[in-house]
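Counting the sequence shown from 1 gives a position; this note's numbering is that position plus 185.
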Amino acid sequence: MDFKELMAARRSVRRFSDRAVPREVVDRILAEALTAPSSRNSRSTRFLVVDRHDLIARMAGMRDYGSAFMEGAPLAVVVCADLTRNPGASGDWGVMDSSAASENLLLAAHAVGLGAVWTGVYPRSERVKAVRTILGLPESVVPLNVIPIGYPAETPEPKQKWNPGNIRRNGWTR
186 MDFKELMAAR
196 RSVRRFSDRA
206 VPREVVDRIL
216 AEALTAPSSR
226 NSRSTRFLVV
236 DRHDLIARMA
246 GMRDYGSAFM
256 EGAPLAVVVC
266 ADLTRNPGAS
276 GDWGVMDSSA
286 ASENLLLAAH
296 AVGLGAVWTG
306 VYPRSERVKA
316 VRTILGLPES
326 VVPLNVIPIG
336 YPAETPEPKQ
346 KWNPGNIRRN
356 GWTR
């Protein structure tokens with residue numbers, strides 16, 4: 186699949202088969218995710234792979250999260266920003282780095298036949314606190330999102346997202 190096909194075909198998958206994802210496949214997509222750009226080459230993105238069903242179920246059940254579909258995933262990747270990697274800089278840089286890595290992870294998963302969906306954690310303080318508590322994250326590590334991953338049990342159609350009205354040129358009103 187070429188890049189244009191990959192971009193057009195990627196979609197959010199919320200139902201997964203019970204088939205386990207081999208560790209070498211997980212390692213491959215994580216390596217591809219880490220090719221994302223990084224502010225000052227700080228490489229502040231950290232991945233926490235969760236394949237224990239009890240931990241996935243606890244994250245799925247977080248109050249105000251609405252991600253019960255996560256519970257059916259064989260694994261979830263918590264994408265985090267390690268604030269110690271860019272001392273003196275705003276924590277926002279790590280969040281941006283981790284966002285770029287998250288998109289790469291979603292594309293890499295799709296490219297190998299896996300389904301995935303981005304579920305937001307940051308900046309909702311109650312979600313950040315819940316993920317930190319469940320997984321024992323230190324204060325210097327900010328969980329940005331949780332991405333449930335697995336072999337799809339559904340094949341949703343990709344959505345048409347092109348809207349020329351969202352494009353401006355040379356200023357907002359021109």
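Just so it is clear, CB atoms sit at the ideal spot from N, CA and C, and this is done for glycine as well.
Asked	Found
Contact between the segment 325 to 342 and the segment 259 to 266 (3+ Cβ pairs under 8 Å)	yes
Chain-order list of residues whose beta-carbon lies under 6 Å from that of V326 (same chain, five-residue window excluded)	C265 and D267
From F232, V210, R208 and G350, residue whose alpha carbon lies closest to that of D282	F232
For P259, the three-state DSSP class (helix, strand or coil)	coil
C-beta contact flag for P362 and S197 at 9 Å	Only positions 186 to 359 of the chain appear in this structure, which leaves residue 362 out of reach.
Per DSSP, cross-strand counterpart(s) of L233	V263
Per DSSP, the bridge partner or partners of R304	The amino acid at residue 304 is misidentified as Arg; the sequence shows Thr. According to DSSP, T304 bridges with V331.
Host alpha helix (DSSP H) of A205 (start-end)	Where A205 is concerned, there is no enclosing alpha helix (DSSP H), given that its DSSP letter is neither H nor E.
Through-space distance from L219 to R213, alpha-carbon basis	10 Å
Boundaries of the alpha helix (DSSP H) in which S223 is found, first to last residue	Unbroken run through S223: none, as it is neither H nor E.
T318: first and last residue of the uninterrupted alpha helix (DSSP H) it sits in	S310 to L320
C-alpha gap between K344 and R317, whole angstroms	33 Å
Neighbourhood of F254 by C-beta, 6 Å cutoff - its chain only, sequence neighbours within 5 removed	R199
Which listed residue (L299, N355 and E256) has its alpha carbon closest to that of A242	E256
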